[in-house]
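In the working numbering, the protein residues as written are 291 to 514.
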């Protein structure tokens with residue numbers, strides 16, 4: 291953890307001034323769905339990707355979620371094209387909004403702030419099509435809950451470092467959670483992604499310049 295922060299810095303949580311900031315939890319949930327299978331570029335500060343472009347286009351065309359719910363599916367998909375898989379994501383978002391409207395009587399999720407983390411996580415996971423990574427992203431970025439979402443990069447790097455031994459990202463989340471000091475989940479999430487994209491790449495990891503190479507079982511094996 292300390293070595294990662296020395297190398298990549300201590301990430302700061304998103305705030306109203308950040309491009310990726312969403313003012314409410316439903317914004318955060320839809321943003322997480324739009325981030326699936328998108329191109330990511332990690333810059334000096336926060337990750338930026340096509341999700342941001344698609345989300346901005348969505349909000350410009352449909353300022354209110356009620357408008358998204360009743361939008362023409364083809365028109366909605368056209369708006370979401372910058373994020374990739376537009377037809378699939380348009381349908382998924384409208385189905386999700388319809389479910390929330392039916393269950394809550396309104397299109398908002400801010401009531402989750404009143405629940406503890408386990409209860410809020412259970413609710414999000416009960417929504418059709420919402421998986422563990424999406425749910426934990428909503429709670430981390432939207433409510434500042436001390437959770438470390440596991441995407442492909444976090445899954446790969448955590449296993450290579452020997453922090454976990456897991457075949458699936460959801461299993462990595464469960465095992466990794468027990469290793470994270472209180473208050474450090476956000477930092478670990480961001481920095482593991484940075485390490486995974488810049489150095490510990492899927493096909494050709496650059497172990498020679500990894501700041502964790504002396505503690506990494508995978509790097510030590512590659513040096514033999």
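Virtual Cβ for every residue (Gly too), placed ideally from N, Cα, C. Here the structure is a predicted model, which means the values were calculated and not measured.
Work out the CA separation of residue 507 and residue 364 for me, nearest whole Å.
Those two C-alpha atoms are separated by around 49 Å.
In whole angstroms, give me the CA-to-CA distance for residue 460 and residue 342.
C-alpha separation (whole angstroms): 25 Å.
Should residue 424 go down as buried or exposed, given a rule of 16 or more other Cβ atoms within 10 Å for buried?
Counting of Cβ neighbours within 10 angstroms places residue 424 among the buried residues, the total reaching 16 or more.
Give a yes or no on whether the C-beta atoms belonging to residue 436 and residue 475 are separated by under 7 Å.
Yes, these two residues count as a Cβ contact at 7 Å.
Local conformation of residue 465 per DSSP, three classes
When secondary structure is reduced to three states using DSSP, residue 465 falls in the helix class.
CA-CA distance, residue 397 and residue 481?
One C-alpha to the other measures close to 33 Å.
Please give the ranges of any alpha helix (DSSP H) in the stretch 333–396, keeping only runs that are unbroken, at least 4 residues long and fully inside the region.
Runs found: 340–351, 355–359, 363–369, 376–394.
At what residues does the alpha helix (DSSP H) containing residue 470 begin and finish?
Careful: residue 470 lies outside any alpha helix (DSSP H) and carries neither H nor E.
Between residue 446 and residue 504, what straight-line distance do the alpha-carbon atoms span, to the nearest angstrom?
In this structure, the straight-line span from the alpha carbon of residue 446 to that of residue 504 is close to 18 Å.
Residue 512 and residue 500 closer than 7 Å at C-beta:
No, Cβ-Cβ distance for residue 512 and residue 500 is not below 7 Å.
Hey, how far is the Cα of residue 294 from the Cα of residue 478?
Distance between residue 294 and residue 478, taken at the CA atoms: about 8 Å.
What does the alpha-carbon distance come out to for the pair residue 354 and residue 455?
Spanning the two alpha carbons is a distance of roughly 43 Å.
Backbone secondary structure at residue 316 - three-state DSSP:
Reduced to three states, the DSSP call for residue 316 is helix.
In whole angstroms, give me the CA-to-CA distance for residue 488 and residue 392.
Answer to the nearest angstrom: the Cα atoms are 43 Å apart.
What first and last residue would you give for the alpha helix (DSSP H) that runs through residue 507?
Residue 507 -> alpha helix (DSSP H) spans 507–512.
Within 10 angstroms of the Cβ of residue 469, are there 16 or more other Cβ atoms? Answer buried if so, exposed if not.
With fewer than 16 neighbouring CB atoms inside 10 Å of its own CB, residue 469 falls in the exposed class.
Among the residues of its own chain, which have a CB less than 6 Å from the CB of residue 419, if the five just before and after it don't count?
Within the same chain, 382 come within 6 Å of residue 419 by CB-CB distance, once the 5 residues on both sides are set aside.
Secondary structure at residue 418, three-state DSSP: helix, strand or coil?
The answer is coil: DSSP assigns residue 418 none of H, G, I, E or B.
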